[in-house]
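Let me begin by presenting the structure, written as structure tokens, before commenting on it.
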Amino acid sequence: MTPTTVRRINWVGGIFTVLTVIIAVLWAFPIYWGIVSSLKPEDEVVRPYIELWPETLTFRHYWFALTQTQIGSWYINSVVTAVGVTVLTVSTSLFAGYAISQLRFPGRTVLWWLILASFMVPTQVLIINHFVLMANMSLLNSWAGIILPQLIHPVIIIVYKQFFDQVPKDFREAAAMDNASEWNVLFKIYIPMNWGVTTALSIVTFIWAWNAFLWPFLAVTRTEMMTITVGITQVYDAFGVYYAQQLAAAVLAGIPVALAYLLFQRKVTQAITLSAGIKG
Amino acid sequence: MSEIRLNNVSKSFGGVQVIDGISLEIGSGELVVFLGPSGSGKSTLLRMIAGLETIDGGTLTIGGKRSEHLAPGQRDVAMVFQNYALYPHMSVRENMAFGLKNIRMATSEIDRRVQDAARILEMDALLDRRPAQLSGGQRQRVAIGRAIVKEPAAFLFDEPLSNLDAALRVRTRVELAELHQRMQSTMVYVTHDQTEAMTLADRIVILNNCRIEQIGTPMDVYLYPSSRFVAGFVGSPGMNFLKAELSATDGKQIATLGNGSDVALSVDLPPGAYELGIRPEAVQVRATPAATTGKAAVVEKLGDRTLVHLHLDDGTSLTALDGGRSEVKPGDIVHLDFDISQLHLFDSDGVAHHAK
Chain A
33 MTPTTVRRIN
43 WVGGIFTVLT
53 VIIAVLWAFP
63 IYWGIVSSLK
73 PEDEVVRPYI
83 ELWPETLTFR
93 HYWFALTQTQ
103 IGSWYINSVV
113 TAVGVTVLTV
123 STSLFAGYAI
133 SQLRFPGRTV
143 LWWLILASFM
153 VPTQVLIINH
163 FVLMANMSLL
173 NSWAGIILPQ
183 LIHPVIIIVY
193 KQFFDQVPKD
203 FREAAAMDNA
213 SEWNVLFKIY
223 IPMNWGVTTA
233 LSIVTFIWAW
243 NAFLWPFLAV
253 TRTEMMTITV
263 GITQVYDAFG
273 VYYAQQLAAA
283 VLAGIPVALA
293 YLLFQRKVTQ
303 AITLSAGIKG
Chain B
-9 MSEIRLNNVS
1 KSFGGVQVID
11 GISLEIGSGE
21 LVVFLGPSGS
31 GKSTLLRMIA
41 GLETIDGGTL
51 TIGGKRSEHL
61 APGQRDVAMV
71 FQNYALYPHM
81 SVRENMAFGL
91 KNIRMATSEI
101 DRRVQDAARI
111 LEMDALLDRR
121 PAQLSGGQRQ
131 RVAIGRAIVK
141 EPAAFLFDEP
151 LSNLDAALRV
161 RTRVELAELH
171 QRMQSTMVYV
181 THDQTEAMTL
191 ADRIVILNNC
201 RIEQIGTPMD
211 VYLYPSSRFV
221 AGFVGSPGMN
231 FLKAELSATD
241 GKQIATLGNG
251 SDVALSVDLP
261 PGAYELGIRP
271 EAVQVRATPA
281 ATTGKAAVVE
291 KLGDRTLVHL
301 HLDDGTSLTA
311 LDGGRSEVKP
321 GDIVHLDFDI
331 SQLHLFDSDG
341 VAHHAK
């Protein structure tokens, strides 16, 4: 008897694969469309039908964005403010999350409930207060003015607290037997054991801060102090607004975020795997 | 000088008393095992010595120094945790050196101590590995190594073998005994495993219901239990307990069992109702009529010995220890004798009285 190989077709798996590909294309298409449009002359962009590839390929909108606008300053402003927001948010949240999770002090529960409650308040509700506060402190049109109101991220404190709660108390006790100070327990044990979450939260915060529009738009009126997301609105010439030019600026604005994710993607995965070792 | 002295220490969690006025002296170089069932307070007592739990009342002296108010790291004790608690992001070397770096010890001294401990525990080749790359037994060694490098006044072990498989547990137990003999350090060891307690301890402290039931050498607590609890808790298979009525006839004392059999014994007790305790090895299987008879229900062949589980006429259960080549089969009527020198009587308060 000759053995016969029966190949079973996995229909369900196939359908899921096709669906996944369709959804991925739907997600990626606006990015593709933005990049392609930024490489077309303006008259091609406004044509009333869809052209998936430029008839005439041009880089002049990128040249315009790079030479005729203050994109250099906007980049610097975005980098400084996004890094500032990331470092300050993550470090303050880390201390707050550790204190609430591991230390016992009067008012701890009340503080925890306040943080949870503040999670329910959208930033937009506070934006007028923030504006008045920053104006009174003469911080409008400054890096500090852009950064400070963006440091309120209770969700990061909550995530840190949850992760610190999950560290078995044996480690804390072993550190106590090892003569470790509270500072050492945090920096030598808890942070390295939760490196994955710190990396992931840093990247997420950086992307939030880089993409922030509403507050930087309100806090800055001087063109040279704008962040790149706000700066895109300034990309026009004497004849008005051109889609292709704005899309070119938007692509340039998005590059650092895309690079940050691509570069740290492996690191995030690695770090999360390491953190998973805590439970072992 | 590395003795530990507990004087009337107590501890409660909320309104629940978990340690109730315990006093104990652990001599320098002695290996004392805290043995007791879950919830007896043995781990809490160890953690109170370590400083991981506060002491509500009483005093603690370690190496002649009052220590109840000192932080864990300042008590000059090292602890081996049940789950090892090795820092997963540090290598074996870093794990062992962490405590020494925290007291700002010179790097050369740290290196020397780590190398010495690694040599003692035969884990030189593991120093650059991380805990995740080690087996359970190797992790256990690292946890012990982390304690050794501190050269403490006393070592505290909190059920250190409970996460190991049976074979590794036996091997590590022997290694721990060797380590103690070699280092001659004061060690306090918590376990609920009586085999570990019997094999490792110089003295066993048996805890029950937040109090010490008995302190003694392993053979003391085995042969002369102070209470019914100790008699039942120590020994595997456990001691047999039979209802008995003690009476005096013609100047002789007789314990009459539930099935009507009489057992002659000598004990300084007034007549009355007692519980008679006898270990399985003191119940002898005889070929000819003896003190009493029972019906074999289950026979467990263990190779070198045979456990015969019997029922007496009144339904009382009894276990006898017979030879490895025992011919007793389930359903057999078995003649039994008692080694009267190994009889114990327990009064209504559970206090033990040993036959002479």
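First to last, the sequence lines map onto chains A and B.
Those letters in the first sequence? Residues 33 to 312, per my numbering, in order.
Those letters in the second sequence? Residues -9 to 346, per my numbering, in order.
Virtual Cβ for every residue (Gly too), placed ideally from N, Cα, C.
Subject >> Presumed contact (8 Å Cβ cut-off) between Pro78/B and Met209/A, rounded CB distance >> reply: About 17 Å separates the two Cβ atoms, so there is no contact after all.
Subject >> Uninterrupted beta strand (DSSP E) stretches inside the segment 215 to 254 of chain B (no shorter than 3 residues) >> reply: Counting only runs of 3+ residues, the beta strand (DSSP E) found wholly inside the segment 215 to 254 of chain B occupies 230 to 239 and 242 to 247, in chain order.
Original post:
When the distance is taken between beta carbons, is Leu(-4)/B closer than 8 Å to Leu60/B?
Top reply: Against a cut-off of 8 Å, the Cβ pair of Leu(-4)/B and Leu60/B comes out as no contact.
Subject >> Other residues of its chain near Thr181/B: CB distance less than 7 Å, five sequence neighbours each side excluded >> reply: Hits under 7 Å: Val23, Leu25, Glu149 and Ala187.
Subject >> For Phe151/A, the three-state DSSP class (helix, strand or coil) >> reply: Three-state DSSP puts Phe151/A in coil, outside helix and strand.
Original post:
To which residues of the same chain is Arg131/B closer than 6 Å at the C-beta, ignoring the five residues directly before and after it?
Top reply: For Arg131/B, where only same-chain residues beyond five positions count, the Cβ hits under 6 Å are Leu111 and Met113.
Subject >> Asp312/B classed as buried or exposed, judged by whether at least 16 other C-beta atoms fall within 10 angstroms >> reply: That one is buried.
Original post:
Near Ile178/A, which residues of its chain fall below 6 Å by C-beta distance, leaving aside the five closest residues on each side in sequence?
Top reply: Excluding its 5 nearest sequence neighbours in each direction, Ile178/A has C-beta neighbours in its own chain below 6 Å: Thr113, Pro248 and Ala251, listed in chain order.
Original post:
Hey, which unbroken runs of the beta strand (DSSP E) at 3 residues or more fall wholly within the segment 104 to 186 of chain B?
Top reply: The qualifying runs are 144 to 148 and 176 to 181.
Original post:
Taking the DSSP output, what are the residues bridged to Arg201/B?
Top reply: Paired residues: Asn198/B.
Original post:
Rounded C-beta distance between Ala128/A and Ile189/A? I'm assuming under 8 Å.
Top reply: The pair is a contact, with the Cβ atoms about 5 Å apart (cut-off 8 Å).
**OP:** Report the option in Gln174/B, Gly262/B and Arg269/B whose CA atom is closest to the CA atom of Tyr212/B.
**Re:** Of the residues Gln174/B, Gly262/B and Arg269/B, the one whose Cα lies closest to the Cα of Tyr212/B is Arg269/B.
Subject >> Own chain, CB closer than 6 Å to Met69/B, minus 5 neighbours either side, in chain order >> reply: Ala40 and Leu146, listed in sequence order.
Original post:
For the candidate residues Leu76/B, Thr309/B and Ile16/B, whose alpha-carbon lies nearest to that of Gly228/B?
Top reply: Checked all of Leu76/B, Thr309/B and Ile16/B; the closest Cα to Gly228/B is Thr309/B.
**OP:** Quick one: which residues of the segment 66 to 79 of chain B get their C-beta closer than 7 Å to a C-beta of chain A? List them in chain order.
**Re:** Answer set for the segment 66 to 79 of chain B: Ala68, Met69, Phe71, Asn73, Ala75, Tyr77, Pro78 and His79.
**OP:** Could you work out which residues of chain A lie near Asn(-3)/B, taking near to mean beta carbons separated by less than 8 Å?
**Re:** When 8 Å is used as the limit between beta carbons, Asn(-3)/B is near no residue of chain A, the shortest such separation being about 23 Å.
**OP:** Identify whether Thr237/A lies in helix, strand or coil by the three-state DSSP scheme.
**Re:** Looking at Thr237/A - three-state DSSP - the assignment turns out to be helix.
Original post:
Rounded to the nearest angstrom, how far is the Cβ of Thr189/B from that of Arg163/B, given a contact under 8 Å?
Top reply: Between Thr189/B and Arg163/B the beta-carbon gap is near 6 Å, inside 8 Å, which marks them as a contact.
**OP:** For the beta strand (DSSP E) holding Thr309/B, just list the boundary residues, first then last.
**Re:** Taken as a continuous stretch (DSSP letters only), the beta strand (DSSP E) holding Thr309/B covers Ser307 to Gly313.
Original post:
Which of the three DSSP states, helix, strand or coil, is assigned to His334/B?
Top reply: His334/B: strand per DSSP, three-state reduction.
Original post:
Which partner residues of Val275/B appear in the DSSP bridge assignment?
Top reply: DSSP output for Val275/B lists Leu326/B as bridge partner(s).
Original post:
What does Asn216/A touch in chain B if you count any residue whose Cβ is under 7 Å from its own?
Top reply: Chain B residues near Asn216/A: Asn92.
**OP:** Return helix, strand or coil for Gly262/B, following the three-state DSSP convention.
**Re:** The answer is strand: DSSP assigns Gly262/B an E or B state.
Subject >> Contact belief for Ile194/B with Pro208/B at Cβ below 8 Å, rounded distance in angstroms >> reply: Right, their Cβ atoms sit about 6 Å apart.
Original post:
Would a C-beta distance cut-off of 8 Å place Asp202/A and Asn73/B closer than the cut-off?
Top reply: Taking the C-beta atoms as reference points, Asn73/B is found nearer than 8 Å to Asp202/A.
Original post:
Ala157/B to Leu148/A, Cα distance in whole Å?
Top reply: Approximately 50 Å, taken between the alpha carbons.
Subject >> Where Ala212/A meets chain B, residues with beta-carbon distance less than 9 Å >> reply: In chain order: Gly63, Phe88, Gly89 and Asn92.
Subject >> Closest by C-alpha distance to Val318/B, when choosing among Gly31/B, Ala238/B, Val82/B and Ala287/B >> reply: Of the listed residues, the one whose Cα sits closest to Val318/B is Ala287/B.
Original post:
Does the Cβ of Ala176/A lie closer than 7 Å to at least one heavy atom of the ligand HEM?
Top reply: For the structure depicted, the ligand HEM is absent and the ligand set is empty, with no information on it obtainable.
Subject >> Asn(-3)/B: first and last residue of the uninterrupted beta strand (DSSP E) it sits in >> reply: Start and end: Ile(-6) to Phe3.
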